[in-house]
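Protein chains: 2
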Amino acid sequence: MAQGRRRAMPSREQLRIWRDYIETTELLRTRLEGRLQSESSLSSADYRVLLALSEADRTTLRSSALAERVGWQRSRLSHHLARMEKRDLIRRTPCLDDVHGVDVHLTDLGAESFRRGSVPHLRSVHELFVDALTPEQLAGLDAAVTALREHLDPEDTGLSRRRDTGRNS
Amino acid sequence: MAQGRRRAMPSREQLRIWRDYIETTELLRTRLEGRLQSESSLSSADYRVLLALSEADRTTLRSSALAERVGWQRSRLSHHLARMEKRDLIRRTPCLDDVHGVDVHLTDLGAESFRRGSVPHLRSVHELFVDALTPEQLAGLDAAVTALREHLDPEDTGLSRRRDTGRNS
DNA sequence: CTCCGGGGATTGACACGTCAACTCTGCACG
DNA sequence: CGTGCAGAGTTGACGTGTCAATCCCCGGAG
């Protein structure tokens, strides 16, 4: 590209795409969130936690392991678990084999909520996201997102970016 | 698409793209936000408000007009304006020609903050977004986002999405 | 004149995240 | 022995957003 050393500004058109991108993504996110909420009274944060616990051995994880999986700050997890515990979706118990450390268990209510929410949620992803795009558009999006991610990663200090190992949304 | 009438679930690959898309976008958003914050002590919400006011006649807008422009719920705007007023970025005065209604003015500090934040912010958009993508990737992203937006719009009840006064879609 | 409805804006309760400070306990080192 | 630091979690203060209730003042019936 012919940009000199001077740090460049986005063109009008680039800015338009940027805004559309951000706003549309935001809208999509809140739509999904709303559906999940009304179908199962779960936020997407709740969902992530319940998903991780559902897949865990004996539906229990060490708090730190859970933080790993969902890619959150410990503090955020702690706050969120406190709220979820109040709603009886999970329970925390001191961890036996490690004096520090807390075991987070899925409760029956938590398991049930997750079960009820899961399928509709995945269907919503299909309806609102997959259905909207042709295969070419999906591939194009993937390519762009991958490029963005790679551009971002070197500078990566902050957020999630989990070493992906499998599963669900 | 060859999906039958049954409501479909996303495939593993589609889900992977979905997750990457959402997470990367989120990461990008917080990166930008962080830069804006450190460069000018403004959140992107602040920025939007200040931008709208900067462009307004006499750097003043009726609260309702402002809500229109930034696409927020009145309640959200009210809360945010209260916080911004506390920081002396804007000021609210009762509106003369309409007994209901409040005029929101840009203060000198607000104008100054916006001026200081604006150029670096646009540069950040260029660096973190535009620079990451080839022209083809940018076009691909635009196409996908446009498709998503169009898919979403019919169902539009909730958020922003400007009611484009003339034409539809 | 009084009562009512409705638009504009504010408020309060609450959920969520972030940052920084703090607790608690085990272990290494002098 | 201490002293103290490091790891696991928690807590508090605060900014932000949502929803629902409320306030305020208008203008039009009765």
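So the protein lines, in turn, are chains A and B.
Each residue of the first sequence is one higher than the one before, counting from 1 in the UniProt record's numbering.
Each residue of the second sequence is one higher than the one before, counting from 1 in the UniProt record's numbering.
Glycine included, every Cβ here is placed at the ideal spot set by N, Cα and C.
Model, not experiment: these values are computed from the prediction.
CA-CA distance, A:LEU122 to A:ALA56, rounds to 20 Å. Below the 9 Å Cβ cutoff, chain A contributes THR24, THR25, LEU27, LEU28, LEU128, PHE129, ALA132, LEU133, GLN137, LEU141 as neighbours of B:LEU148, in chain order. VAL119, LEU122, ARG123, VAL125, HIS126, GLU127: these are the residues of the stretch 109-127 of chain A whose beta carbon lies less than 8 Å from some beta carbon of chain B, given in chain order. Relative to B:TRP18, the option among A:GLU13, A:THR107, A:CYS95, A:THR146 whose CA is nearest is A:THR146. Taking each of A:ASP142, A:SER78, A:VAL130 in turn and checking the Cα distance to B:ASP20, the smallest one comes out for A:ASP142. With respect to the 7 Å criterion, A:THR60 and A:ASP103 are classified as neighbours on the basis of their beta carbons. Annotation: B:GLN137 to A:GLN137 spans about 11 Å, alpha carbon to alpha carbon. Going by C-alpha positions, A:GLU112 is about 14 Å away from A:ALA52. Residue range 12-40 is occupied by the alpha helix (DSSP H) that includes A:THR24. For B:LEU133, there is no enclosing beta strand (DSSP E), as DSSP gives it neither H nor E. Within the stretch 44-78 of chain B, the complete alpha helix (DSSP H) runs of at least 4 residues fall at 44-55, 63-70. B:VAL104 has B:LEU61, B:ARG92 as its beta-bridge partners, per DSSP. With fewer than 16 other CB atoms across the displayed protein chains lying within 10 angstroms of its CB, B:SER41 is exposed. Around B:TRP18, the beta-carbon contacts reaching into chain A at under 8 Å are VAL125, PHE129, VAL130, SER169. Under the three-pair Cβ rule at 8 Å, the stretch 62-78 of chain A does not count as touching the stretch 22-32 of chain A. Taking the Cα positions, B:HIS80 is about 17 Å away from B:SER54. With its beta carbon less than 7 Å from one in chain A, B:VAL145 belongs to the interface. Annotated as proximal: A:GLY110 and A:ILE90, with beta-carbon spacing under 7 Å.
Taking the Cα positions, A:ASP98 is about 20 Å away from A:LEU106. Taking a 10 Å sphere around the C-beta of A:VAL130, we find 16 or more other C-beta atoms and assign the residue as buried. Looking at the backbone, the Cα of A:SER11 and that of B:VAL119 are separated by about 13 Å.
In the structure shown, B:VAL99 falls within a coil segment according to DSSP collapsed to helix, strand and coil.
Residue state for A:MET9 is assigned as coil, using DSSP reduced to three classes. Between the C-alpha atoms of B:GLY140 and A:LEU148 there is a straight-line separation of about 13 Å. Under the three-state reduction of DSSP, A:PHE129 is assigned to coil, being neither helix nor strand.
Here B:MET84 is buried: its Cβ has 16 or more other Cβ atoms, across all protein chains shown, within 10 Å. If the five residues before and after A:ARG31 are omitted, its C-beta is found closer than 7 Å to the C-beta atoms of LEU128, all from its own chain and listed in chain order. In the three-state scheme derived from DSSP, where H, G and I count as helix and E and B as strand, B:ARG123 is classed as helix.
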